[in-house]
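Peer 1:
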Amino acid sequence: MFWPLQENIIGNDDLELLVTFIRETKRFTQFTKVREFEAAYSEWMGCKHSVFVNSGSSANLLMIYAAAERYGWKPGDEVIVPALTWPTTVTPVMQAGFTPVFVDANLHDFAFDYDQLAAKITPRTRAIFLVHILGFPANVARIKQIIGDRDIVLLEDTCETQGGTIDGVKVGNFGLGSSFSFYWGHHMTTVEGGMICTNDEEFYKLNILKRSHGLARELPEKYQAAIRQQHADIDFQFLFLTDGFNFRNTEFNAVLGLSQLPKLNGFIEMRNRSYRRFLDFCRRYPDDLITLERPGMSSFVLPFVLKDGTKKQPFQALIRESGIESRPLISGNLLQQPFLKKYYVPGQFDVADMLHRNAFYIGNNQFVNDERLDVLEQLMTGFFGN
Ligand SMILES: Cc1ncc(COP(=O)(O)O)c(C=O)c1O
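Numbering-wise, this note's numbering comes out as the position in the sequence shown, counting from 1, plus 560.
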């Protein structure tokens with residue numbers, strides 16, 4: 561048996577659509593398929609606007625720049641980020657000239673230590689960059705309560721929890737904007753790709769502009785006439801309203817997105833089914849394993865959190881020998897990574913440190929079937945006992 565961390569979830573049906581599209585079309589750069597995919601995604605998300613970009617990392621970088629312009633953040637303003645996440649939740653904050661303020665994780669939903677989050681808010685806090693980690697919706701109500709009536713923006717990195725819900729509302733709908741990744745291994749894929757979702761019209765327009773050089777012509781037509789009039793002295797085709805990037809994606813990727821999206825709910829159901837069986841196994845060993853279950857989850861991977869860190873290496877080695885790939889829990893405590901060491905304060909990140917030492921995960925997707933799970937169950941019985 562080989563149970564890899566990531567597997568190709570692009571099917572022959574997706575490929576057929578792509579091949580037909582390539583044969584019949586002459587325009588492959590961002591065009592009508594991208595717009596179609598964005599509209600379909602907004603409908604699936606239950607949000608007003610979606611902006612397709614070339615990765616989840618680009619989505620995060622774009623959101624930070626757009627939020628900063630929307631609200632006039634100043635260099636050195638603070639953005640609260642988790643110690644446990646993928647680096648590109650944090651790096652956009654630094655790249656854009658803001659100060660990341662790190663908050664420890666928790667063992668109920670892996671997101672912030674909410675008390676520490678409350679304590680780390682200062683007069684310079686402009687945003688909280690919440691990450692719904694590994695398929696577990698975070699405690700948004702608690703975060704909103706902590707924010708209260710302060711002018712602090714909530715951004716959601718939803719790259720690992722696409723389709724997760726809180727009281728029936730999809731995560732990614734609770735703040736100014738949210739990001740998604742369609743890199744392979746995620747709930748659905750466009751090979752490379754990402755999305756920004758928002759209900760805020762001004763934020764949407766800024767993301768559209770900044771995705772493509774700051775060009776006015778990128779905006780939907782209904783906004784164009786007034787802008788044309790306002791800047792009559794400049795050729796509208798080459799009118800730049802703000803600074804920007806090139807984070808566009810292609811029509812190929814949008815065709816794949818349009819093909820994958822109708823299958824997404826089914827993919828999530830299959831992932832959650834495997835997660836529930838995995839949870840059943842783990843719960844047999846309460847002295848050895850910490851387990852997480854949240855309502856509305858959208859399982860990303862199968863995480864092992866060992867109470868005794870000395871058992872991690874032998875258990876990981878055992879399952880590796882049986883063909884099951886594994887890796888650290890995201891990237892462990894990010895503050896242990898060389899480029900972020902200067903932010904590390906001993907004693908402030910105990911949960912992230914514990915997860916760094918004691919946790920790892922294996923893959924989950926629609927190919928994780930009972931046969932694989934049976935093997936895992938046997939290995940766990942052999943290792944942790946009956
Ligand atoms: C929480 C989180 N944010 C951002 C990203 C970046 O997404 P991408 O790989 O599409 O750049 C990832 C990637 O897996 C992620 O897990």
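All C-beta atoms in this analysis are idealised placements derived from N, C-alpha and C, irrespective of residue type, glycine included.
1) Measure the beta-carbon distance from Gly735 to Leu766 and round it to whole angstroms, keeping in mind my assumption that it falls under 8 Å.
2) What's the C-alpha gap between Phe841 and Tyr601?
3) Under 7 Å, do Met623 and Gly737 count as touching if we go by C-beta distance?
4) Any heavy atom of ligand 1 closer than 6 Å to the CB of Cys719?
5) Which residue from Pro855, Ser834, Gly856 and Asp847 puts its Cα closest to that of Pro863?
6) In three-state DSSP terms, what is Thr645?
7) Any heavy atom of ligand 1 closer than 6 Å to the beta-carbon of Tyr523?
8) For Arg843, which option in Thr810, Asn893, Val935 and Asn946 has the closest C-alpha, if you only look at C-alpha atoms?
9) Secondary structure at Leu667, three-state DSSP: helix, strand or coil?
10) With distances taken from CA atoms, which of Val713, Ala698 and Gly754 is nearest Ser617?
11) Considering Leu714, what are the terminal residues of the beta strand (DSSP E) in which it resides?
12) In whole angstroms, what separates the C-alpha of Phe585 from that of Ala656?
13) Measuring only the C-alpha atoms, how far is Pro732 from Leu801?
14) So Ser739 is in the alpha helix (DSSP H); what residue range does that whole segment cover?
15) Can you name, in chain order, every residue of its own chain whose Cβ lies under 8 Å from the Cβ of Lys704, other than the five neighbours on each side?
16) With burial defined as no fewer than 16 other Cβ atoms inside 10 Å of the residue's Cβ, what is the status of Met561: buried or exposed?
17) Does DSSP put Pro898 in a helix, a strand or coil?
18) Please state whether the Cβ-Cβ distance between Leu644 and Ala678 is less than 7 Å.
19) Give the single residue among Asp847, Ser772, Gly817 and Lys823 whose Cα lies nearest to the Cα of Phe805.
20) Assuming contact is defined by CB atoms lying nearer than 7 Å, are Gln886 and Gln876 in contact in what I supplied?
21) Among all the DSSP beta bridges, which residues are the ones paired with Gly892?
22) Please report the straight-line C-alpha distance between Glu923 and Leu933, rounded to a whole angstrom.
23) Is the beta carbon of Asp868 closer than 7 Å to that of Asn893?
24) If you check the beta carbons only, do Phe920 and Pro888 fall under 7 Å apart?
25) Can Trp604 be considered in contact with ligand 3, in the sense that its beta carbon sits closer than 6 Å to one or more heavy atoms?
26) Between the alpha carbons of Arg880 and Gln873, how many angstroms are there, rounded?
27) Label Asp574 either buried or exposed according to how many other C-beta atoms from any shown protein chain fall within 10 Å of its C-beta, with 16 as the threshold for buried.
28) I'd like the ranges of any alpha helix (DSSP H) spanning at least 4 consecutive residues and lying wholly in the stretch 586-627.
29) Indicate the three-state DSSP secondary structure (helix, strand or coil) for Thr682 in the structure shown.
Peer 2: Result, derived from the coordinates:
1) That pair is no contact at about 15 Å.
2) It is roughly 35 Å from the alpha-carbon of Phe841 to the alpha-carbon of Tyr601.
3) Yes.
4) The answer is yes for Cys719.
5) Selected option, being the one with the closest Cα: Ser834.
6) DSSP, reduced to helix, strand and coil, places Thr645 outside both helices and strands of the structure shown, so it counts as coil.
7) The chain is shown only over 561 to 946; residue 523 falls outside these bounds and no answer can be derived.
8) The shortest C-alpha separation from Arg843 is found at Asn946.
9) Here Leu667 sits in coil by DSSP.
10) Ranking Val713, Ala698 and Gly754 by Cα distance to Ser617 puts Gly754 first.
11) Going by DSSP, Leu714 is part of the beta strand (DSSP E) stretching over Val713 to Asp717.
12) The sequence given here has Thr at residue 585, not Phe. Linking Thr585 to Ala656 through their CA atoms gives a straight-line distance of about 38 Å.
13) At residue 732 the sequence reads Gly, which differs from the Pro that was named. Cα to Cα, the separation comes out at about 27 Å.
14) In this chain, Ser739 is not harboured by any alpha helix (DSSP H); it is covered by the beta strand (DSSP E) spanning Gly737 to Ser741.
15) Shown here for Lys704: same chain residues with a beta carbon closer than 8 Å to its own, the five before and five after excluded, namely Leu714 and Phe734 in chain order.
16) Classification of Met561: exposed, given that the 10 Å Cβ count is below 16.
17) Residue state, collapsed to three classes: helix.
18) Contact check for Leu644 against Ala678 fails: the beta carbons are separated by 7 Å or more.
19) Minimum Cα distance to Phe805 is reached at Ser772.
20) A quick correction: the sequence has Ser, not Gln, at residue 886. Yes.
21) According to the DSSP secondary-structure assignment, Gly892 is paired through a beta bridge with Ile890.
22) Per the sequence shown, residue 923 should be read as Gly rather than Glu. Those two C-alpha atoms are separated by around 12 Å.
23) It is not a contact, given that the beta carbons lie outside the stated cut-off.
24) In contact: Phe920 and Pro888 (Cβ atoms closer than 7 Å).
25) By its list of ligands, the structure shown excludes ligand 3, since it contains just ligand 1.
26) About 10 Å.
27) Buried, since its Cβ has 16 or more Cβ neighbours within 10 Å.
28) DSSP runs (the alpha helix (DSSP H)) wholly in the stretch 586-627: 592-605.
29) DSSP places Thr682 in coil when its eight states are reduced to three.
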